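Single-structure report; data block below.
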Amino acid sequence: MPLLMPLVVAALLFSIGIYGVLARRNAILVLMSVELMLNAVNLNLVAFDVWLRDELLSGQVFTLFVITIAAAEVGLGLAIVLLVFRNRATSQLDELVELREADALRGQPDVRAMR
Amino acid sequence: MSEALLPLLLAVPLAGSMLMLVLPGPLAERIAAQLGVVVAGATTVVAGWAAAAAEDVDVAWVPSLGLRFHLGIDGISAPLVLLTAGLTFLCLVYTLRVRPAAGRLRALVGLVLLLEVGMLGTFVALDLLLFFVFFEVVLLPMWFVIAQWGDDTVPGARVAAANKFILYTLLGSAVMLLGILLVRAETGTFDMVALAEADGAGMSRGVQILAFLALALGFAVKAPMWPLHSWLPDAHTSAPTIGSVLLAGVLLKMGTYGLVRIALPIVPEGAEVLAPFLGAFAVVGIIYGALACLAQRDLKRLIAFSSVGHMGFVLLGIATLTPVGVNGALFANVAHGLITGLLFFLVGAIKDRHHTADLEELGGGLYDRAPRLGGLLVFGAIASVGLPGLAGFWGEMLALLGAFDPDPALHRGYFLVLMGLAGLGVVLTTVYLVTLVRRVAQGQSVARWRDAVLLGDATPAELAVWSPIVVLVLVLGLWPALLLDVTDPVVRSVLGG
Amino acid sequence: MTAVVLAILAPTVAAAVGFFSGRRWPRTAVPVAVAGAGVALAAAVVLCARAVRDAPLGDALRGPRVPTGTIELGIDLRLDGLAALVSVAVAAVAFAVQVYSPAYLRGDPRYSSYTALVSLFTAAMMLVVFADDLFVLLVGWEVMGVCSYFLIGHHWEQEGARAGAVKAFVVTRLGDVGFLFGIFALAFAAGTFNIDGARLAALDNGIPQSSATVATLLLLCGVVGKSAQFPLHTWLPDAMAGPTPVSALIHAATMVAAGIYLVARLYDVFLLAPATLAAMAVIAAVTMLGAALAALAQDDIKRVLAYSTVSQLAYMLAGLAVGSAAAATFHLLTHAAFKALLFLAAGAVIHAVGTNQMPDMGGLRRAMPVTFVTMTLGLAALAGLAPLAGFFSKEAVLGAAEESALHGSSAGPVPTWAGWLVLVVGLLTVSVTAAYAARLWLLTFFGRPRGSGVARAAPHEAPPAMRWPLVALAVPTVGLGALGLQRDRLPQWLGVDEQLHLGVVTSVISTALALAGAAAVVLMWRRDPAADPSDRLARLRPAFAGAFYVDELYDRVFVRPVSAAARAVRWTDDSVVDAGVVGSGHTATRLAGWLRLAQAGNVQTYLTGMLAGVVIVAVGVVTLT
């Protein structure tokens, strides 16, 4: 089949994954979207591997690596989400903002020189 | 031996400073002042010897960058080295008897000695980056001196003043560093002697102008030149007595010394183009400083603005680009260091006794309460006016003479106008200083001080510190050749070549 | 030349000793000071004798050179007839003052610093007299100014003394700035800072007229300031707040004469600049008459004498303006004698009566006979009555004016109108001078004692220490006129190429005018001995008394704007210059605040940013390569 079809599908999957990562508030949904993005990448790699007729099958080999790493990462990520949920009773990313800076203009030190 | 003199000059105070760090706490606290005096005294002796007999030191420092540890002393730097060593010595002798309110003498002495290393290093460095290093070394000790031992009547004021001082001066130095790097990029060397001899070769006119602008900005903040002067009044108001003396007596000279040693010889075309601006700002500073003094309420702030005015004369002398003008600038440098140093000592003594430097609260009648102190204050004021016969006159006069007949590349009519305005500044200086004498020394004491029992006249220890300065002011005033014989040959060769 | 050095050093040493040991050993103050003045006087007399015997005298002492970067300076001294004669006047008056002061200032707590300052002043004036380098002269000139400042402010508890001292110093310093610029101009024109060198260059046609005019006009600024001529005359009357002996020495005989002396010294240069001479004539004329009219309306005896000094200095300046340095110097010498006498005598009167105000005096001639006689002689000399010294010197000036008016001056460059101006105004002033002198004489010594309270308590003759200087000064007041009897004698001693002109017609007219002026006042007084003759001036009196409101004008034009400017500068420094600096700090902090907004804490925001960046980079790479 022409190369374009898997590429388009991969691109679509990737875009959906991006949307999910950036716009969904639930942490688990974000992890799912990350998985989507990784799988899109996998599809891309395999498609190009076949089209290029690589001798070493480097694209497919790389895909195996990506699958493994994705599995490990999702395991870790879900563990973190679980612990956060236990501590905070929420898994909404909006509410996990401890590292936020205080309001920009409030609480400035006074640099006016004294006379 | 004579090659080791200049490194020794820097090593002695550094060793003293380190000693303060190393000695055990209680012991150090007890002998800090005495040790400081010994070290400073030794430095003064070495300085005198070095001024007479030292040879240049030129060792490779960072060969890959082309940096060399190049030290040297000549007619331009010798008087300033002696001034630095002398004033630091007198300051430390002063701390023997007049302990600072905040205590921690060991730290103070250590910092002052470190400051001395920086000041002396600036005057003897002959490599641009080495000069920059020493230029910056003085900033941190001075920050500590102002922020930790300064006047704490208004809480937070001393830290704010110290912050302002260090940030402002650092900004100027950063710009100056850019200038130095520009010079290096164009000529390939950091060595001041070689660059001065090259007389601007290898740098196009535009580059020279840019380099001079960058260098001069850094020096102008230090000098201080109007309108980059506003760090000075706050720093002086908050600084302790010896901090003010060293700040006014030596640190300000580093800026003008830099102009004479670096900016004028290395980028002469840039100097020619920008000298009129320098002259204009200098004259504005003279008049502005005098007028600001007339309206001040705080005694230390008043003397600080008078410094702006006096350094205006120095800058005017430099702006004329003539041997006369530069001779005058160098003379005025030394004279101002002595006279304003003395004035800050006296004002510090007055402030210590009355716990205020506010003119309204002090009232008049100092002649009555403390005749010697009042008399010395008047002497300092008259010297500051620039009376012929005292050291302040010759520098200002030679600067004006330089403006009367400036370098042929400069517009004479313009400089004659500047000269006239500077003359007006002389009259205004007289006005505020005699007004000061009238308000503080003459008249009747206000009720608050009339009954106070603890206000003593100048103690023998204080007089011992101030007398050498008074004598030097008189000697230099009556025998200007003492200094001019030293500076004139070097200035002629620097400007001529 | 050792006598020259001695004349300068002896008072300097006396001053130094006085400053250091005067407080601890107050009884040494008087002997040290008198010794210093005495040595200077002896040296000056020796020099004067030499000048008379060896006329024309010209001897120089060249000291070490001082490099400047351009024309070099030298510590040079010069002895010639002019210097010798003036030095005697200075030393004599200084000695008289040092003898007089202990009695006048008895019980003064700061006497040692007073005498030390008077000694320092004497040394400085000697330096001015003998200087042969413009800067050596300037050092002496300014040290005199500062001594004057300190001495006027001697009674610094009083507001009048403080104010007078400040005014004197500032106004003279204003003139001195012009003076400094004049030194620059002259040195560059003549190629040297040496005074004799400049003079020789002038004689040699080495100085173009334009340079000479610029230089002399600038030097004139300093002269006008130091010698209290219009428009820088306002400081002298207020300087009377100082002790009377100080007024006698500094503000009558010596310092104020230094300006005249300078012009006489550099006269060859001034002769190259007719414009300057014309300016001098105008200034002299205005000052002469204005000050005399002001003297007529004063109530304070010292202020009368102060304005009189201003007026007489104008005579000297006029003499210089019309081409006769010899006449001006002659008047300088005689004025030193009789004005010092008048001030010291006034001091005796003030000491006896306890007040300066003439309306509170009266009838003192019986109580103070010696003072009366000597003061009468002094006033007569002031009015210019023959055969006293003042007559001859004044006639010399008027004669020189007549000479230049009628024949064009022998010196050449003086315009004829200047001669006429000086002559006419000079004659008018003679009349007014005689009038105010007579008024002072009558109000002080005649009529019934008018004083009240303290002033009335039994006035007594002055103590001997105060009387002897009066008598001593009366001698030259009477006898110095002899110098004018021979046309050539004084000019020869001075070493100038001139002659004194004493015209018979002018003398007769001026004597007649003087007698008329005095007579008018005497007649007015006789009509009502208790009233002040000047009350007849009616509406003009306040204008005269306030010296035509010049002081008020200066206050409005100079003092107030400067104070306003000072306040404006302080405001600008706080609100504009410093605000810029502090504002930069605020701006930096505010910018940082806005940047902090990017730290939202939300991971997704960060990721969005990163993505945007990646997209931009990718697009960039694709399009640009």
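Residue numbers (this note's numbering), protein chains in the order written: chain A, 1284 to 1398; chain B, 59 to 555; chain C, 605 to 1229. Heads up, the beta-carbon is just placed ideally off N, CA and C, and yes, glycines get one too. In this text the structure is predicted, and so the values were computed from the model without any measurement.
Check each candidate in the options and name the one with the smallest Cα separation from residue i.
i: residue 1300 (chain A); options: A:1318, A:1349, A:1342, A:1370; result: A:1318
i: residue 304 (chain B); options: B:150, B:367, B:118; result: B:150
i: residue 268 (chain B); options: B:301, B:82, B:239; result: B:239
i: residue 92 (chain B); options: B:168, B:126, B:143; result: B:168
i: residue 477 (chain B); options: B:383, B:99, B:445, B:517; result: B:383
i: residue 341 (chain B); options: B:371, B:117, B:362; result: B:371
i: residue 611 (chain C); options: C:1092, C:629, C:651; result: C:651
i: residue 1071 (chain C); options: C:1034, C:703, C:671; result: C:703
i: residue 544 (chain B); options: C:615, C:618, C:671, C:644; result: C:671
i: residue 911 (chain C); options: C:699, C:1037, C:705; result: C:1037
Just mark residue i as buried or exposed, buried being the case when its beta carbon has 16 or more other beta carbons within 10 Å.
i: residue 1194 (chain C); result: exposed
i: residue 809 (chain C); result: exposed
i: residue 1378 (chain A); result: exposed
i: residue 1388 (chain A); result: Residue placement at residue 1388 (chain A) cannot be trusted, given a pLDDT of 46 that sits under 50; what the coordinates show is reported in the next sentence. Per the 10 Å Cβ criterion, exposed.
i: residue 211 (chain B); result: exposed
i: residue 209 (chain B); result: buried
i: residue 109 (chain B); result: buried
i: residue 686 (chain C); result: buried
i: residue 427 (chain B); result: buried
i: residue 624 (chain C); result: exposed
i: residue 817 (chain C); result: buried
i: residue 313 (chain B); result: buried
i: residue 1184 (chain C); result: exposed
For residue i, which residues in chain C fall below 7 Å Cβ to Cβ?
i: residue 1366 (chain A); result: Ordered by position in chain C, no residue passes the 7 Å Cβ test against residue 1366 (chain A), which lies about 16 Å from the chain.
i: residue 546 (chain B); result: 671, 673
i: residue 440 (chain B); result: 750
i: residue 543 (chain B); result: 671
How is residue i classed by DSSP in three states: helix, strand or coil?
i: residue 119 (chain B); result: strand
i: residue 798 (chain C); result: strand
i: residue 128 (chain B); result: strand
i: residue 1375 (chain A); result: strand
i: residue 1309 (chain A); result: strand
i: residue 679 (chain C); result: strand
i: residue 460 (chain B); result: helix
i: residue 162 (chain B); result: coil
i: residue 662 (chain C); result: strand
i: residue 620 (chain C); result: helix
i: residue 961 (chain C); result: strand
i: residue 670 (chain C); result: strand
Counting only Cβ pairs nearer than 8 Å, list the residues of chain A close to residue i.
i: residue 621 (chain C); result: None at all; the shortest Cβ gap to chain A is about 46 Å.
Counting only Cβ pairs nearer than 9 Å, list the residues of chain C close to residue i.
i: residue 1312 (chain A); result: By Cβ distance, chain C contributes nothing, its closest Cβ being about 12 Å from residue 1312 (chain A), past 9 Å.
i: residue 1376 (chain A); result: 1206, 1207, 1208
Counting only Cβ pairs nearer than 8 Å, list the residues of chain C close to residue i.
i: residue 1382 (chain A); result: 1203, 1205
i: residue 371 (chain B); result: Those within 8 Å of residue 371 (chain B) in chain C number zero; the least Cβ separation is about 13 Å.
Run through chain A and tell me which residues come within less than 7 Å of residue i, C-beta to C-beta.
i: residue 1211 (chain C); result: 1304, 1305
Any heavy atom of the ligand FAD inside 6 Å of the beta-carbon of residue i?
i: residue 636 (chain C); result: Of ligands this structure carries none, so the ligand FAD is not represented either.
Taking Cβ-Cβ distances shorter than 7 Å, what residues in chain B pair up with residue i?
i: residue 757 (chain C); result: 500
message: When you compare the region 975-987 of chain C with the region 1074-1087 of chain C, are there three or more beta-carbon pairs, one atom per stretch, that lie closer than 8 Å?
response: At 8 Å Cβ cutoff, the stretches touch.
(Q) With a threshold of 8 Å, are at least 3 pairs of Cβ atoms found where one atom belongs to the region 1145-1154 of chain C and the other to the region 890-902 of chain C? (A) Taking a cut-off of 8 Å for Cβ pairs, the region 1145-1154 of chain C and the region 890-902 of chain C touch, as three or more such pairs fall below it.
Can we say the region 632-640 of chain C touches the region 342-362 of chain B, given the rule of at least three CB pairs closer than 8 Å?
-> Verdict: no, contact absent.
Between the region 664-673 of chain C and the region 719-730 of chain C, are three or more C-beta pairs nearer than 8 Å?
-> Judged by Cβ distances under 8 Å, the region 664-673 of chain C makes no contact with the region 719-730 of chain C, as fewer than three pairs qualify.
**the region 941-955 of chain C / the region 846-855 of chain C touching (three or more Cβ pairs under 8 Å)** = By the Cβ criterion, the region 941-955 of chain C is in contact with the region 846-855 of chain C, since at least three pairs of Cβ atoms, one from each stretch, lie closer than 8 Å.
Original post:
Would you say the region 833-846 of chain C touches the region 768-775 of chain C, given that touching needs at least three Cβ pairs under 8 Å?
Top reply: Contact holds: three or more Cβ-Cβ distances are below 8 Å.
> Is the region 80-88 of chain B touching the region 138-146 of chain B, taking contact as three or more C-beta pairs under 8 Å?
Replying inline: With the cut-off at 8 Å, the region 80-88 of chain B and the region 138-146 of chain B do not touch.
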